[in-house]
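If you read the sequence shown in numbering that gives the first Met the number 0, its first letter stands for residue 0, the second for the next number, and so on.
Glycine included, each C-beta is placed from N, C-alpha and C at the ideal position.
The block underneath contains the structure these notes are about, expressed in structure tokens.
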Amino acid sequence: MSSQSSIPWYDDFVGVAYRYYDLRMNVVPLFTDRKEASSLWHDTIHPWVDPSIKIRFLEMDDKYWFIMGADSQKPDTNLSFFKELSKSENYERFKKGHDGEAYLRLGVYAKKSLDDVKKDAVCDCSHEAQDHDEGDNDVCLFNTCSCKKFSSFQVNLLKKKKIITDIKFLDEKDVKSDPLVWNCINVNKFSKSE
Ligand SMILES: [Zn+2]
Ligand SMILES: [Zn+2]
């Protein structure tokens, strides 16, 4: 069990993206501030010992907990990460396609409005920017579409990466058998739900 229980938990990030990049699946915790992401990488993730990095996906119905931790060469600034998220298509694709290995990178997430994007940028409604009416509150022009405002996001990946080779998908019944997950759930779930 080592010193796992003394490492603080960190959940101040906006989500996780799953992308193919450099021929491998990438797991990309997302931040809104590039400086914050860079300093977190420098202080916490860079000192991680690669083979010790663990990523756990604890599945509960249509949600999952993203849980990540590692042994560090700088234990004083080490953190473990967690976030409760909704399952998505990209998540399912990652689950099927990761093949036991992934790159870990951090990403910077930027919300884009109609003014910020090119004509062929795709809206969350799946239609392009040029199909949204700039004169009418950005409403989507497709009759069958209920989109009232163009919205899209862009993820910029930071270059630095780590290789993860310890990836597991778990159910609630497996919680106790995995020390990292057990610690996460105890500290962040049971203790908060009074
Ligand atoms: Zn739209
Ligand atoms: Zn639309």
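As assigned by DSSP and simplified to three states, the class of residue i
| i | result |
| --- | --- |
| residue 43 | helix |
| residue 12 | coil |
| residue 187 | helix |
| residue 95 | helix |
| residue 28 | strand |
| residue 174 | helix |
| residue 19 | strand |
| residue 113 | helix |
| residue 107 | strand |
| residue 34 | helix |
| residue 90 | helix |
Inter-residue CB distance, residue i and residue j (contact presumed, cutoff 8 Å)
| i | j | result |
| --- | --- | --- |
| residue 123 | residue 150 | 5 Å |
| residue 277 | residue 51 | This structure cannot speak to residue 277, because the chain is shown only from 0 to 193. |
| residue 110 | residue 152 | 5 Å |
| residue 55 | residue 177 | 6 Å |
| residue 84 | residue 14 | 6 Å |
| residue 188 | residue 181 | No, residue 188 and residue 181 are not in contact; Cβ-Cβ is about 11 Å, not under 8 Å. |
| residue 183 | residue 44 | Not confirmed; about 17 Å, so no contact. |
| residue 121 | residue 27 | 19 Å between Cβ atoms; not a contact. |
| residue 17 | residue 92 | 7 Å |
| residue 90 | residue 30 | That belief does not hold up - the Cβ atoms of residue 90 and residue 30 are roughly 18 Å apart, past 8 Å. |
| residue 97 | residue 6 | Wrong, their Cβ atoms sit about 25 Å apart, outside the cutoff. |
| residue 23 | residue 100 | 7 Å |
| residue 94 | residue 168 | 6 Å |
Residue i Cβ short of 6 Å to ligand 4 heavy atom set
| i | result |
| --- | --- |
| residue 168 | With respect to small molecules bound, the structure shown includes ligand 1 and ligand 2 and not ligand 4. |
Cutoff 7 Å: residue i Cβ touching any chain C Cβ
| i | result |
| --- | --- |
| residue 135 | The question asks about chain C, but that chain is absent: this structure has only one protein chain. |
Which ranges would you report for the alpha helix (DSSP H) in the stretch 115-167 if only whole runs of at least 4 residues count? none
Would you be able to state if there are at least three C-beta pairs under 8 Å between the stretch 102-121 and the stretch 150-165? yes
Environment of ligand 2 in chain order, Cβ to heavy atom below 7 Å: 122, 124, 125, 126, 130, 139, 141, 144 and 146
Only counting runs of 3 or more residues, tell me where the beta strand (DSSP E) segments fall wholly within the stretch 50-80, in order along the chain. 53-59 and 62-68
Quick check: the stretch 72-90 against the stretch 5-17, are at least 3 beta-carbon pairs closer than 8 Å? yes
How do the stretch 134-143 and the stretch 59-76 stand: do at least 3 beta-carbon pairs fall below 8 Å, yes or no? no
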